[in-house]
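Residue numbers (UniProt numbering), protein chains in the order written: chain A, 1 to 227; chain B, 1 to 102; chain C, 1 to 102; chain D, 1 to 760.
Glycine included, C-beta positions come from ideal geometry on N, C-alpha and C.
Remarks on the structure that follows.
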Amino acid sequence: MTTRIGVVTFPGSLDDSDARRAIRIAGAEPVALWHREKDLRKQQVDAVVLPGGFSYGDYLRCGAIARFSPIMESVVEQAKGGMPVLGICNGFQILCETHLLPGALTRNDHLHFLCRDQRLRVENDTTAWTSDYERGQEIVVPLKNGEGGYVADERTLDELEGEGRVAFRYLGGNPNGSRRDIAGITNEAGNVVGLMPHPEHAVEALTGPTTDGLGFFTSALKKLVAS
Amino acid sequence: MARVVVDVMLKPEILDPQGQAVQRALPRLGFEGISDVRQGKRFELEVEGPVDRDALARIHELAETFLANTVIEDFTVRVEDADGNERPAGTGTAAASEGAVA
Amino acid sequence: MARVVVDVMLKPEILDPQGQAVQRALPRLGFEGISDVRQGKRFELEVEGPVDRDALARIHELAETFLANTVIEDFTVRVEDADGNERPAGTGTAAASEGAVA
Amino acid sequence: MSPQSHSHSLDTVKHAEQTPETDLPWKELGLKEDEYARIRDILGRRPTGAELAMYSVMWSEHCSYKSSKVHLRQFGEKAPTEGPGAEAMLVGIGEQAGVVDVGQGYAVTFKVESHNHPSYVEPYQGAATGIGGIVRDIIAMGARPVAVMDPLRFGAADHPDTKRVLPGVVAGIGGYGNCLGLPNIGGEVVFDACYQGNPLVNALCVGVMKHEDIHLAKAAGTGNKVILYGARTGGDGIGGASILASETFDDEKPSKRPAVQVGDPFQEKLLIECTLEAFHADLVVGIQDLGAAGLSCATSELASNGSGGMRVELDDVPLRDSSLSPEEILMSESQERMCAVVEPDKVDRFLQICEKWEVTATVVGEVTDGDRLEIFWHGEKIVDVDPRTVAHEGPVYERPYARPDWQDELQADDPAQLPRPANGEELRAATLALVASPNQAAKSWITDQYDRYVLGDTVLAQPEDSGMIRIDPETGLGVAVSTDGNGRYAKLDPYEGARLALAESYRNVAATGARPLAVTDCLNFGSPEDPAAMWQFAEACRGLADACKELGTPVTGGNVSLYNQTGEAAIHPTPVVGVLGVIDDVARRTPMAFRDEGHLIYLLGDTREEFGGSAWSQVAHGHLGGRPPRVDLERERLLAEILIAASRDGMADAAHDVSDGGVVQALAESCLKGGKGARIVVPDGLDPFVFLFSESQGRALVAIPRSEEVRFTDMCAARGMPAARIGVVDGDALEVQGQFSLPLEELRRHHEATIPELFG
Ligand SMILES: Nc1ncnc2c1ncn2[C@@H]1O[C@H](COP(=O)(O)OP(=O)(O)O)[C@@H](O)[C@H]1O
Ligand SMILES: [Mg+2]
């Protein structure tokens, strides 16, 4: 049976088709999910990606309105049950708003939207979405956002560090003022990962700066096939 | 040290996509009975020295030239008292932007 | 119809790049004597029906669950009177978010 | 007639018939006396207030092209009739945007438009709504928008007001385009004091569709419903109608209407998805975006392009502001609205799709079997017109024009007299000054605020010569687009300036390996009432039309922006030309970066001493005079063929067009992009300064792997293309042998620091 990875489209999602393409290139079957869907189980997906974009225009706060979409209840429930969930950029913001991941994302410290090819270090190679990388490995994937500064209180930050839950760190200059150069984090169980940079834009040599992003999707695929 | 607050809101006739997005989300969240939402900015300024007529006039000017874009926004200057009450100390619109300091 | 205002500000310990950008610009604009600037959001809600204890409690909940992200933001609920004065009707921080409706 | 007697009463058609003597504020609405007389003539009575509102906006310069029409005709009259460009034309000038066949069943639509004046008043919103407007044009053709570009002109880089305008414009373009999910793949940023009080914000959008999805704006089929969908209508951009409403018909109401429109990119994103879904479900007969002149334009154009008439119930238009008068509703320019004509049995499904995307949609009228456009308000008829007279039969002017008396003097002011760098040391300094000058400096501080990755099909984006988008992931079919226009050249000679703009854009497309096919243009000029500006305009149109004919690239559509001036002072005549090219397989594209040491650097084309309007004359001397570089379109065509063949046959590893700043600027850019140095030898017989800084046209740099050298030079020789081996990719400095050496780091510092220092 093929592995089905769902990609949720909220009104204002932008990188949903890219995420589906990345899933296809990695060898899994992408499944388009509409935000009004109430029950994820009906779609029989094995994992879910919350893609980048400006859900609901990112008005109010990034991810704040999407968080209340019908599908999110089911995503939260499944995530708590261990289903792999990846939040990219806006998806990361949504995961923080739902408290599946701690902390929040705030306005870039330089106050501009920034699109650039970003070097990252993989800090945790044991999550559902990073097992195809090696700890300490450097990758380059596009970064593009206006509100990507990761913040959390000191205790939470210490906890994340202590438990190895910082999944990615920025290298070559902190692009947005993120605390402790954090680019992405994971939950305790390692099935939920959120990050600001866009691995789905680095899966083809022709259109991305590298193909370093593919590892996210092959990691999930391997894990799902194995389980 | 006193706190002066400058509220900046889109003029009523200007489209407020953010406020509208919030309002449209309310029923979905189960909130009824709110007929309009406008979203604006709030600046809290910590002022050294007394907040006298002169200081307020300068803050008014700051609001008008910098904090607000008076092409599309109105602003209000308020002084916060010890109880957290805020009393207006002048508003600015394109029309009434001069000498509005109370 | 009454207006209730919800102010949402970043918690003091969270970096406020927008406020800082304003503050940094002040000397260049010739403004002195302002020691700190914070920038937040102001929501003006037009409430149908009376703004009683019950309505305020619901708005407080709205602010806490939706308008503010209490991981990084504090909020204040204010009721505007006819003179444009705004009196606090409850504030919310992560710590004091319960039962804060006055 | 006193205002009071009409206050609160409705100016119906019947009322207009009964009160022929009533004065209307036609003058305040911008109409001329004879224009108003013609309206009365057409109607056989005085217009109602609502009719006057419609005629006045539709007959404005912006909507009717009344001063430019007679010149724009040449684009059709001189359009190439054979060759790939002519054969590819599917929809030409006159629709919202032209459409060209790019093969494999795909069609591409693209268009550039201006939003100059609003962007000066409110840079962020002006620029944002500029993107919004052009994107709606593209959706209305049935295409999915796939990329945007933004040719920009600002005042002097160090002028305080530029610090207000530029960051706002850039943030607005990014804020809107990024939120819509359209990659920004290119544009221009040019500074010149002539744009100080009148910046140019042009915006281009490219869309893709299958041939069968092309939709035109027309309202055929009696009984079909007219559906207005998208944002609610507010009082935006209706200064004129407010005059009408408040001064004449309803004096008591406040006439406070916003002059500035605020964009809602999220709403527009929903409009894109919802419109495309409705198209694909085959639910739409005709469609039109609401831009300038709002409902007046949409209803009159839809009706006049169709076979029948139209009846509209204005009460059914969803409003944001309930105090709007019918005149204001007709004139409102509220953003993010569209109008569709739908067969009655498909209306429910159309509305369902709107509901799915949370877009407000309302049936506001229907197609009738008459030939009148009738609009009702509170049950009374307030408009009864032949829609063609509103939309298509506006006034046409043959404005007087005359070559300005200063033109000769300007051309006589030859840059040959300017002092030049005389030795290696001075050439080095001149190079650094050039690459650091605001016009030649890296624009990444700006373009990094734009998303270039979204949609996942961006093959090339800024700072490449043209942006390139993959259309079909299976076959690799793609399109490339570049926009160019040099106002300094056009000031020296508007005819040649327009031809130069096309030549440069064409060359930029070919440099990436794509075959140039079609053109869109945005003509930014001063007041048509000034014979000098009108002459510039006429000359530029003539030049562009001639050049398009010669190169076989038809103009498919575009935009005219007049009255770009501050007081008496007009901007430089600024024709911005966008060229669209096709590439069969994007994997074959040629990027601009020098990537591999040892590759040989060739300069294609002839270098002459040409400094009129050059970047060097501006940077070193603040000089503008003489004649612009010579245009040889045959040479451009040959150069393009060489560049395309080099891409197709895998002979070139890099290519970069030579334009403003000359060879040294192009070398610096290719070196910095690839992080590789170059050792350059000045060709025999050329003065080093002329070699490095001249702006002769028809030239490009290419980097050729040694293994391909013979094949490449044979090809050039066989086709008669001058190709000079000028050096090799090597080391970490730009070295011009016998003259100077510039470490890349130093070059980079100068090139990249300027814009952040000015605006960061
Ligand atoms: N406002 C802008 N938006 C997007 N891209 C831009 C903008 N300005 C310049 N660019 C890009 O920067 C690069 C260099 O611009 P320019 O020097 O004008 O190119 P050329 O001279 O080859 O036409 C091009 O890729 C161009 O598309
Ligand atoms: Mg170029």
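task = Have a look at the DSSP bridge pairing and note the partners of D:THR233.
result = Locating residue 233 of chain D in the fourth sequence gives position 233, counting from the first residue. D:THR233 pairs with D:LEU319.
message = Any beta carbon of chain B sitting closer than 7 Å to that of A:PHE68?
response = Numbered from 1 along the first sequence, position 68 holds the residue referred to as residue 68 of chain A. It does; some Cβ of chain B falls within 7 Å.
message = Checking the sheet assignment: what are the DSSP bridge partners for D:ASP289?
response = Indexing the fourth sequence from 1 puts residue 289 of chain D at position 289. According to DSSP, D:ASP289 bridges with D:MET338.
Short Cβ contact (7 Å threshold) for A:GLU97 with A:ALA167 = On the first sequence, position 97 is the one that residue 97 of chain A refers to. On the first sequence, position 167 is the one that residue 167 of chain A refers to. No, they are not a contact pair.
message = Distance cutoff 7 Å, beta carbons only. Does A:VAL151 sit that close to anything in chain C?
response = Start at 1 with the first residue of the first sequence, and residue 151 of chain A comes out as number 151. Yes, contact with chain C.
query = What three-state label does DSSP hand A:GLY146 in the structure shown?
reply = Your numbering for residue 146 of chain A matches position 146 in the first sequence. It is coil, neither helix nor strand.
Below-7 Å beta-carbon distance, D:ASP457 vs any chain B residue = By one-based count along the fourth sequence, residue 457 of chain D stands at place 457. So no, D:ASP457 is outside the interface.
ask   = Between the C-alpha atoms of D:ASP23 and B:PRO12, what's the straight-line distance to the nearest angstrom?
value = In the fourth sequence, residue 23 of chain D corresponds to position 23, counting from 1. In the second sequence, residue 12 of chain B corresponds to position 12, counting from 1. Cα to Cα, D:ASP23 sits roughly 32 Å from B:PRO12.
task = Go ahead and pull the three-state DSSP assignment for D:LYS549.
result = In the fourth sequence, residue 549 of chain D corresponds to position 549, counting from 1. Helix.
request  = Compute the minimum distance between the beta carbon of D:PRO628 and the heavy atoms of ligand 4, and state whether it is under 6 Å.
outcome  = The ligand content of the structure shown is limited to ligand 1 and ligand 2, which means ligand 4 is not among them.
Entirely enclosed alpha helix (DSSP H) segments - the region 38–84 of chain B, minimum 4 residues = 53–62
message = My assumption, with CB atoms under 8 Å, is that D:ALA646 sits in contact with D:VAL728. Please give the rounded CB distance.
response = By one-based count along the fourth sequence, residue 646 of chain D stands at place 646. By one-based count along the fourth sequence, residue 728 of chain D stands at place 728. So it is not a contact: roughly 18 Å between Cβ atoms.
message = Taking the beta strand (DSSP E) that D:THR447 belongs to, which residues open and close that run?
response = Numbered from 1 along the fourth sequence, position 447 holds the residue referred to as residue 447 of chain D. Looking at the DSSP string, D:THR447 is not in any beta strand (DSSP E); the run it does join, the alpha helix (DSSP H), is 444–447.
Where the alpha helix (DSSP H) through D:ALA718 begins and ends = The sequence position of residue 718 of chain D within the fourth sequence is 718, counting from 1. Here the alpha helix (DSSP H) through D:ALA718 covers 709–719.
message = Tell me which residues of the region 258–270 of chain D have at least one Cβ-Cβ distance to chain A shorter than 9 Å, keeping chain order.
response = ASP264, PRO265, PHE266, GLN267, LYS269 and LEU270
key: For A:SER13: DSSP bridge partner residues   = Residue 13 of chain A sits at position 13 when you count from the first residue of the first sequence. BP columns for A:SER13 point to A:GLY53.
query = For A:LYS223, which residues of its own chain have a beta-carbon under 6 Å away from its beta-carbon, when the five flanking residues on both sides are left out?
reply = As a position in the first sequence, residue 223 of chain A is number 223, starting the count at 1. Hits under 6 Å: ALA128.
task = With a 10 Å radius around its C-beta and 16 neighbouring C-beta atoms as the bar for buried, classify D:ASN178 as buried or exposed.
result = Stepping through the fourth sequence from its first residue, residue 178 of chain D is reached at position 178. When all chains shown are included, D:ASN178 counts as buried.
query = Do you know how far the Cα of A:ASP58 is from the Cα of A:THR130?
reply = What you label residue 130 of chain A is simply residue 130 of the first sequence in a count that begins at 1. What you label residue 58 of chain A is simply residue 58 of the first sequence in a count that begins at 1. Their backbone Cα atoms lie some 28 Å apart in a straight line.
request  = Go to A:PHE216, then tell me how far its alpha helix (DSSP H) extends in each direction, as first and last residue.
outcome  = Stepping through the first sequence from its first residue, residue 216 of chain A is reached at position 216. First-last of the alpha helix (DSSP H) with A:PHE216: 214–226.
task = Sort out for me which residues DSSP pairs D:ASN486 with in a bridge.
result = Position 486 of the fourth sequence, counting from 1, holds the residue named residue 486 of chain D. Per DSSP, none; premise fails for D:ASN486.
request  = Please say whether D:LEU152 and D:VAL189 have beta carbons closer to each other than 7 Å?
outcome  = Within the fourth sequence, residue 189 of chain D is the residue found at index 189, counting from 1. Within the fourth sequence, residue 152 of chain D is the residue found at index 152, counting from 1. Contact: yes.
ask   = In whole angstroms, what is the alpha-carbon distance linking B:GLY40 and C:LEU45?
value = Position 40 of the second sequence, counted from the first residue, corresponds to residue 40 of chain B. Position 45 of the third sequence, counted from the first residue, corresponds to residue 45 of chain C. Their Cα atoms are separated by approximately 11 Å.
ask   = Going along chain B, which residues have a C-beta under 9 Å from C:PHE43?
value = In the third sequence, the residue the question calls residue 43 of chain C occupies position 43. Those are GLY19, VAL22, VAL37, ARG38, GLN39 and GLY40, listed as they occur along chain B.
inquiry  = Could you check whether D:GLU277 and D:GLU336 sit closer than 7 Å to each other, using their CB atoms as the reference points?
reply    = Your numbering for residue 336 of chain D matches position 336 in the fourth sequence. Your numbering for residue 277 of chain D matches position 277 in the fourth sequence. No, these two residues do not count as a Cβ contact at 7 Å.
query = Under three-state DSSP, which class holds B:PRO17?
reply = As a position in the second sequence, residue 17 of chain B is number 17, starting the count at 1. It is helical.
request  = Run through the region 94–131 of chain A for me and flag every whole beta strand (DSSP E) of 3 or more residues, listed as ranges in chain order.
outcome  = 104–106 and 114–122
ask   = Between which two residues does the alpha helix (DSSP H) harbouring D:THR754 extend?
value = On the fourth sequence, position 754 is the one that residue 754 of chain D refers to. Residues 744–759.
request  = Kindly indicate if chain B contains any beta-carbon less than 7 Å away from that of A:SER60.
outcome  = Counting from one through the first sequence, the residue named residue 60 of chain A turns up at place 60. Here the sequence assigns Leu to residue 60 of chain A, which means Ser is not the residue at that position. So, interface residue.
ask   = Whose C-alpha, out of B:VAL79, B:ASN85, B:THR65 and B:ASP7, is nearest the C-alpha of B:ASP52?
value = Sequence index remark: in the second sequence, residue 52 of chain B carries index 52 (1-based). Minimum Cα distance to B:ASP52 is reached at B:VAL79.
query = Can you give the Cα-Cα distance for D:ASP408 and A:HIS198, rounded to whole angstroms?
reply = Walking along the fourth sequence from the start, residue 408 of chain D turns up at place 408. Walking along the first sequence from the start, residue 198 of chain A turns up at place 198. The alpha-carbon atoms of D:ASP408 and A:HIS198 are separated by roughly 56 Å.
message = Need the endpoints of the alpha helix (DSSP H) that residue 765 of chain D sits in, please.
response = No answer is possible for residue 765 of chain D: the residues shown for chain D start at 1 and end at 760.
key: Three-way DSSP call (helix, strand, coil) for D:HIS6 in this model   = Within the fourth sequence, numbered from 1, the residue matching residue 6 of chain D stands at position 6. Any answer about D:HIS6 is weak, because its pLDDT of 41 lies below 50 and its placement is not dependable; what the coordinates show is given next. In this structure, D:HIS6 counts as helix in the three-state DSSP scheme.
request  = May I ask you to list the residues that DSSP assigns as paired with D:PRO516?
outcome  = Taking the fourth sequence and counting its residues from 1, one reaches residue 516 of chain D at position 516. Paired residue(s): D:GLY581.
inquiry  = Please report whether the beta-carbon of B:GLY49 lies at a distance below 7 Å from any beta-carbon of chain C.
reply    = Locating residue 49 of chain B in the second sequence gives position 49, where the first residue counts as 1. Taking Cβ atoms only, chain C reaches closer than 7 Å to B:GLY49, which makes this a yes.
inquiry  = Any beta carbon of chain C sitting closer than 7 Å to that of B:GLU64?
reply    = Along the second sequence, read from residue 1 onward, the residue named residue 64 of chain B stands at position 64. Not an interface residue.
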